[in-house]
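Notes follow the structure.
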Amino acid sequence: MTPEASIPGPAPIDESALRAYLSDELPPDQMARVEKALRESATLRARLEDVRADREDFQLHSLGAIWRRSRLTCPTRQQLGSYVLDALDPELGAYFQFHLEVVECPICQANLSDLEAQSRSNSGSDGSRTRHQRILKSSEHLLGDEA
Ligand SMILES: [Zn+2]
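Below is the structure:
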């Protein structure tokens, strides 16, 4: 062990940080920081795959499995509802799409299909659709034109 923890501020994400990430040894805020960096950097994702490939005992730790296990960035059900209605900030919507289609988070996929089914069965039948449309309208107003 080195006394590096005494250095203030975020340390660069090096191979040892990636190894710790793979083996779930980082505290939650560090896990989130590494995950965020991975999301933003294809280079770092490639490095993570290299680190993972170097370690036979990490064979079960696919990127998707790690993300699924940590579930650090699952959207709330309310956010998923806005995603269904296409009423999210575009950047957040893009992240959720990544979370659902690349990470393939089973929890959020299940929530999403549930919400989609609700959204379909609710249309025209009760007051919640109207409320959703009102939320959607106010979001459109905030976002300006979305072509
Ligand atoms: Zn999720």
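Here the sequence shown is numbered in our numbering, starting from 35 and rising by one per residue. Beta carbons: idealized from backbone N, C-alpha and C, even for Gly.
Straight-line spacing of the CA atoms in alanine 45 and cysteine 142 works out to 31 angstroms. If you ignore the 5 residues before and after arginine 53, its C-beta comes within less than 7 angstroms of the C-beta of Val85, all in its own chain and listed in chain order. In the DSSP annotation of this structure, the continuous segment of the alpha helix (DSSP H) that includes valine 68 starts and ends at 62 to 74. Taking 8 angstroms as the upper bound for CB-CB distance, alanine 71 and isoleucine 47 are in contact here, some 5 angstroms apart. In this structure, Asp120 is the residue among Pro124, Asp120 and Leu78 with its C-alpha nearest to the C-alpha of leucine 146.
For cysteine 108, the three-state secondary structure derived from DSSP is coil.
Remark: C-beta atoms of serine 155 and valine 118 do not approach each other more closely than 8 angstroms. Counting only the Cα atoms, arginine 67 lies some 22 angstroms from alanine 87. Remark: the shortest separation between the CB of isoleucine 47 and any heavy atom of ligand 1 does not fall under 7 angstroms.
Taking the Cα positions, glycine 115 is about 6 angstroms away from leucine 149.
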